[in-house]
């Protein structure tokens with residue numbers, strides 16, 4: 001048994017996603033130097049550490065980094081910028097999960113095209129070589145955010161090829177693996193684990209999406225009809241909303257929300273398979289995405305949901321990384337460019353504030 005990933009996993013107990021910095025940049029200017037220099041700055045990183053987080057997940061889109069189309073080679077300018085960002089995070093005593101976070105079309109090509117898989121594997125070989133200089137106790141390498149291969153066997157094959165390439169280039173670093181279909185927990189249970197004993201297994205948890213993604217325009221159309229849905233299920237306004245919703249899928253989702261009776265006990269039951277997976281495979285397990293789209297969710301419900309979910313994770317010895325720092329699920333409030341911590345939310349997360 002390799003104790004290394006278990007020891008390193010203790011450094012990843014409570015984290016936050018630095019989304020929309022090196023990935024999912026949808027401004028007119030896109031992935032430009034001004035964005036990289038301004039979206040996350042040193043005071044942001046200092047704040048993250050001060051609030052009590054021990055690690056950050058650093059989502060990085062691979063498409064803008066590729067120097068020669070699909071060959072897997074990486075632009076030296078962009079590599080230098082990436083390494084500078086990793087260095088800055090590490091300098092502030094944060095562990096870093098480097099998460100490769102492409103858009104859906106890139107992932108769909110992996111599902112259909114072996115040449116794209118070969119190029120992605122080569123991309124990882126090059127990237128891991130350059131990242132191998134960083135302290136393996138503090139930098140973790142995550143194969144792919146939310147794969148959507150929709151074929152557990154093919155995804156296991158892809159992931160295991162990438163793990164082998166990473167291991168060849170970075171023999172000491174811990175690798176984070178996940179299941180297919182947007183890293184959902186049930187899919188984690190179906191993967192063929194790589195023949196590598198220095199890995200951490202990971203899943204994402206946004207159940208139920210009728211609550212966590214209510215009003216999300218980028219999601220399924222029905223989500224726009226569950227605005228204002230309260231948590232927990234019992235005693236919520238779900239039945240009232242059912243009376244005003246016309247979309248059939250929205251009605252089905254609300255019926256399911258009532259039937260499954262989401263509360264703290266329900267989350268303990270939901271993540272129980274992750275706990276069993278951890279014990280049966282002798283591998284650390286974490287959830288490095290979860291959260292609530294805050295625009296339409298009742299604030300009191302969002303606070304309680306966050307507290308219940310984190311409590312369930314910690315009871316099961318599952319490390320967590322919340323989504324996200326300053327986006328639509330944020331832990332900070334932004335006012336004319338100034339970011340201040342949402343203290344009430346952070347207290348619900350169990351963080352010890354040093355201010």
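Numbering (full-length UniProt numbering), first residue to last: 1 to 355.
Cβ atoms here follow ideal geometry from the backbone N, Cα and C, with glycine treated the same way.
All of these numbers come straight from a predicted model, not from anything done at the bench.
- In this structure, the CA atom of residue 286 is about 21 Å from the CA atom of residue 167.
- DSSP, read as helix, strand or coil, puts residue 177 in strand.
- Distance from residue 303 to residue 346 at the Cβ level is roughly 10 Å; contact not present, criterion being Cβ atoms closer than 8 Å.
- Residue 131 is bridged by DSSP to nothing; it lacks a bridge partner.
- Scanning the segment 206–241 from its first residue to its last, no whole beta strand (DSSP E) run of 3-plus residues comes out.
- DSSP places residue 289 inside the beta strand (DSSP E), whose first and last residues are 285–290.
- Judged by beta-carbon spacing, residue 231 lies within the 9 Å limit of residue 301, meaning their Cβ atoms are closer than that value.
- The three-state secondary structure of residue 203, taken from DSSP, is strand.
- Nearest to residue 210 by alpha-carbon distance, out of 127, 250, 299, 305, is 250.
- DSSP links residue 333 through a beta bridge to 340.
- Linking residue 95 to residue 239 through their CA atoms gives a straight-line distance of about 44 Å.
- Restricting attention to 309, 306, 289, the CA atom closest to the CA of residue 145 is found in 289.
- In the DSSP annotation of this structure, the continuous segment of the alpha helix (DSSP H) that includes residue 160 starts and ends at 152–169.
- Selection 35, 241, 13 evaluated against residue 23 yields 35 as nearest (Cα-Cα).
- Exclusion of the five residues before and after residue 49 leaves 92, 93, 94 as the residues of its chain whose Cβ lies within less than 7 Å of its Cβ.
- By alpha-carbon distance to residue 132, the top candidate from 87, 340, 152 is 87.
- When 54, 53, 125, 82 are compared, the shortest CA-CA separation from residue 72 is found for 125.
- Residue 57 is classed as buried because its beta carbon has at least 16 other beta carbons within 10 Å across all chains shown.
- Boundaries for residue 6: no beta strand (DSSP E) harbours it, while the alpha helix (DSSP H) harbouring it runs 4–9, taken from the DSSP string.
- Residue 321 sits in a strand when the DSSP states are folded into three classes.
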